[in-house]
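What follows is a short report on a single structure.
In full-length UniProt numbering, the protein residues as written are 1 to 290.
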């Protein structure tokens, strides 16, 4: 390990102790963008995608988020190609519950037999006997939620999954799932400009549930030249993306951003957010800006 890598590793901010899973660094890597356009098919450069995943781990990432629907299958396969046998302490989180019929087309599918089938396939693609974290990608409105939750619990009881999580749910759905299994993580859209899931974040913070914000870097008009994100970035010698991530990391101790990219340069930039410290005034300004 080079001195540069060691410095980057030390800069990974804080950790969180996830229920049923253990301790991971809060700044992770999202593996949705390492596949083709529309989250469909092979990436333009598979070797480059492999290099990005490996570099993420070199930089100290020990939590990688993917899904069977990314590709489909391709993201999980690239992760296995890049990292298997997995370095000690690296956790791979995947998701089931979507069927794919083409680029940018997503259909919730939560029938128990489908969730079980996709879990078995993820085990094969990731080349593991037990999935570290399995998340229900969406609750299928056509299938009783209790059946979907119950299937996840069965998979956990069978030793196929260590920990369980949810994605894009309400507080009520979180509570309902909690009647079937311990919820380790919840993954909802959340960033500086979109805090629709604030009540879910508040619940996660109060109950020690890891909150994985997807689309974490979105800053919209706040990042325009002269805007609050731009001003903060200039003061701190950072980029707007780094400021957006630093705000999330400070906003709640359970937030676990997973910025994704297929670019080594963007990966390095995103991980640099670990070294951006927001003072009280800057944090307050950003919090009030949206």
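Every residue gets a Cβ at the ideal spot worked out from N, C-alpha and C, and that includes glycine.
Opposite residue i in the DSSP bridges: which residues?
{"i": "residue 188", "result": "213"}
{"i": "residue 163", "result": "133"}
{"i": "residue 292", "result": "For the chain, the structure presents residues 1 to 290; residue 292 sits outside this window and is missing."}
{"i": "residue 102", "result": "105"}
{"i": "residue 94", "result": "134"}
{"i": "residue 64", "result": "29, 92"}
{"i": "residue 71", "result": "40"}
Could you have a look at residue i and say whether DSSP puts it in helix, strand or coil?
{"i": "residue 18", "result": "strand"}
{"i": "residue 258", "result": "coil"}
{"i": "residue 180", "result": "coil"}
{"i": "residue 272", "result": "helix"}
{"i": "residue 111", "result": "coil"}
{"i": "residue 84", "result": "coil"}
{"i": "residue 150", "result": "helix"}
{"i": "residue 281", "result": "helix"}
{"i": "residue 33", "result": "coil"}
{"i": "residue 239", "result": "coil"}
{"i": "residue 52", "result": "helix"}
{"i": "residue 229", "result": "helix"}
{"i": "residue 24", "result": "strand"}
{"i": "residue 208", "result": "coil"}
{"i": "residue 289", "result": "helix"}
{"i": "residue 10", "result": "Per-residue confidence for residue 10 stands at a pLDDT of 40, beneath the threshold of 50, marking its modelled position as unreliable; the derived number appears in the next sentence. Helix at residue 10."}
{"i": "residue 194", "result": "coil"}
{"i": "residue 224", "result": "coil"}
{"i": "residue 45", "result": "coil"}
{"i": "residue 168", "result": "coil"}
{"i": "residue 246", "result": "helix"}
{"i": "residue 128", "result": "coil"}
{"i": "residue 59", "result": "coil"}
{"i": "residue 158", "result": "coil"}
{"i": "residue 218", "result": "coil"}
{"i": "residue 122", "result": "helix"}
{"i": "residue 3", "result": "Low confidence applies here, because residue 3 scores a pLDDT of 32, under 50, leaving its location unreliable; read the following figure in that light. Reduced to three states, the DSSP call for residue 3 is helix."}
Looking at residue j and residue i, is the spacing between their C-beta atoms short of 8 Å?
{"i": "residue 71", "j": "residue 97", "result": "no"}
{"i": "residue 27", "j": "residue 54", "result": "no"}
{"i": "residue 125", "j": "residue 80", "result": "yes"}
{"i": "residue 155", "j": "residue 134", "result": "yes"}
{"i": "residue 229", "j": "residue 240", "result": "yes"}
{"i": "residue 62", "j": "residue 91", "result": "yes"}
{"i": "residue 17", "j": "residue 258", "result": "no"}
{"i": "residue 93", "j": "residue 132", "result": "yes"}
{"i": "residue 57", "j": "residue 85", "result": "no"}
{"i": "residue 191", "j": "residue 218", "result": "yes"}
{"i": "residue 123", "j": "residue 129", "result": "yes"}
{"i": "residue 242", "j": "residue 220", "result": "no"}
{"i": "residue 50", "j": "residue 78", "result": "yes"}
{"i": "residue 205", "j": "residue 252", "result": "yes"}
{"i": "residue 151", "j": "residue 201", "result": "no"}
{"i": "residue 167", "j": "residue 95", "result": "yes"}
{"i": "residue 187", "j": "residue 159", "result": "no"}
Taking the alpha-carbon of residue i as reference, which of the options has the nearest alpha-carbon?
{"i": "residue 287", "options": "248, 272, 271", "result": "248"}
{"i": "residue 244", "options": "263, 208, 194, 169", "result": "194"}
{"i": "residue 213", "options": "20, 17, 19, 30", "result": "30"}
{"i": "residue 283", "options": "265, 44, 206, 233", "result": "233"}
{"i": "residue 215", "options": "227, 270, 225", "result": "270"}
{"i": "residue 277", "options": "15, 19, 238", "result": "238"}
{"i": "residue 59", "options": "266, 174, 119, 147", "result": "266"}
{"i": "residue 52", "options": "128, 101, 262, 116", "result": "262"}
{"i": "residue 175", "options": "157, 203, 160, 188", "result": "203"}
{"i": "residue 173", "options": "146, 198, 158", "result": "146"}
{"i": "residue 161", "options": "119, 149, 179", "result": "119"}
{"i": "residue 179", "options": "148, 281, 45", "result": "148"}
{"i": "residue 157", "options": "20, 246, 74", "result": "20"}
{"i": "residue 235", "options": "138, 268, 279, 46", "result": "279"}
Report yes or no: is there a C-beta of chain C within less than 8 Å of the C-beta of residue i?
{"i": "residue 221", "result": "The structure shown contains no chain C, having only a single protein chain."}
Within 8 Å, do at least three Cβ pairs link the region 57-74 to the region 138-150? No: fewer than three Cβ pairs fall under 8 Å.
Is the region 167-185 close to the region 102-113, with three or more CB pairs under 8 Å? Put simply, the region 167-185 does not touch the region 102-113. Fewer than three CB pairs are less than 8 Å apart.
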